[in-house]
Amino acid sequence: MEKYMKSPSFQEVEEAKKHFKELLEAYWLQNDYLSWQWWLLLFGSTVPWIIWWVFVDKKRGVEILSFGLLAGVFSTILDAIGSNAMAWGYPIRLHWLFYPQLYPYDFTGISILFMICYQIAKDSEKKFALLALITSAFMAFGLEVIFVKIGIYEPYNWRHIYSFPIYFLIAWISRRIIKSLVKRGS
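With the first letter of the sequence shown counted as 1, position 120 gets the number 425 in this note's numbering; the numbers rise by one all the way through.
What follows is the structure, encoded as structure tokens:
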């Protein structure tokens, strides 16, 4: 910070971004691309959607997908905030342009797991709350821990326990919004 005791110019910020982009691209090409973790992310970004398509209730497909995508948007926004605040980082990513987020997790893992809860619970708030709590615990204390162990996710000043209520709130708020829209459209 001492380097920037004077206010940096916009041009200086853009030059730093350009240098960062070049570093990130080189890192990705040398460390991420085609690694076994990269293949895992690619697989994990595509196959769950195919499985979801087979099992989704087609009569409620648009509603369920809307819910899942809204949860993915909330997750991506929060992921950007946390990543940019240096609470966590992603040593492995699907593409170097996916910075800072781990989009496969935001738009596949979180979306699909919560869409399963949404579909199973139908109109039962209690059932959805229970399923969302279980799923949130699985993501915070299961998937995040696995991602740390295999080098895809690195928390800096973040603990898995912090993620648990956030996951639940993402699901709960997304459900409330979609159910409200569905009710208005009926």
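Every residue, glycine too, gets a C-beta built ideally from N, C-alpha and C.
Backbone CA spacing between residue i and residue j [nearest angstrom]
i: Y472; j: L374; result: 14 Å
i: F348; j: V453; result: 18 Å
i: I369; j: R398; result: 27 Å
i: L346; j: C422; result: 23 Å
i: D411; j: S380; result: 6 Å
i: V359; j: L486; result: 25 Å
i: F315; j: K323; result: 12 Å
i: A445; j: W333; result: 26 Å
i: A476; j: G377; result: 10 Å
i: G447; j: K488; result: 35 Å
i: F403; j: K364; result: 33 Å
i: A290; j: I382; result: Lying outside 306 to 491, the shown extent of the chain, residue 290 is not represented and no answer is given.
i: S312; j: N389; result: 20 Å
Residue from the options whose Cα sits closest to the Cα of residue i
i: W401; options: V318, P313, K326, L383; result: K326
i: G490; options: G447, I415, S416, V367; result: V367
i: S350; options: P470, I415, P396, A434; result: I415
i: P470; options: I455, L435, Y395; result: L435
i: L438; options: L474, F372, W333; result: L474
i: T413; options: P353, N389, K322; result: P353
i: I341; options: E330, P313, I455; result: The residue asked about is misnamed: residue 341 is Trp in this sequence, not Ile. When each option's Cα is compared against that of W341, the closest is I455.
i: Y395; options: S312, P313, M310, L329; result: L329
i: E430; options: A390, Q335, M391, K484; result: K484
Sequence-distant residues of the same chain with beta carbon closer than 6 Å to residue i, five excluded per side
i: E317; result: none
i: W343; result: D337
i: L418; result: T440
i: K432; result: A426
i: P409; result: L346, G349, S350, L399
Chain-order list of residues whose beta-carbon lies under 8 Å from that of residue i (same chain, five-residue window excluded)
i: G500; result: Absent from the model: residue 500. The displayed extent of the chain is 306 to 491, so no value can be given.
i: V361; result: I369, L370, M420, Q424
i: I478; result: F379
i: A442; result: F469
Any non-hydrogen atom of the ligand NAD within 7 Å of residue i CB
i: I421; result: This structure does not include the ligand NAD; it has no bound ligands of any sort.
Enclosing alpha helix (DSSP H) for residue i [first to last residue]
i: D337; result: Segment: none, D337 is in no alpha helix (DSSP H) and carries neither H nor E.
i: M391; result: M391 -> no alpha helix (DSSP H), and no H or E assigned at all.
i: P353; result: 341-360
i: S485; result: 465-490
i: K363; result: Run containing K363: none; DSSP gives neither H nor E here.
i: K454; result: 449-454
i: Y423; result: 416-426
i: S441; result: 430-443
Sequence-distant residues of the same chain with beta carbon closer than 7 Å to residue i, five excluded per side
i: E449; result: Y458, H465, S468
i: I482; result: L375
i: R480; result: F372, Y423, F433
i: M310; result: none
ask   = Three or more beta-carbon pairs under 8 Å between the stretch 446-461 and the stretch 421-433, yes or no?
value = Taking 8 Å as the limit for Cβ pairs, the verdict is that the stretch 421-433 does not touch the stretch 446-461.
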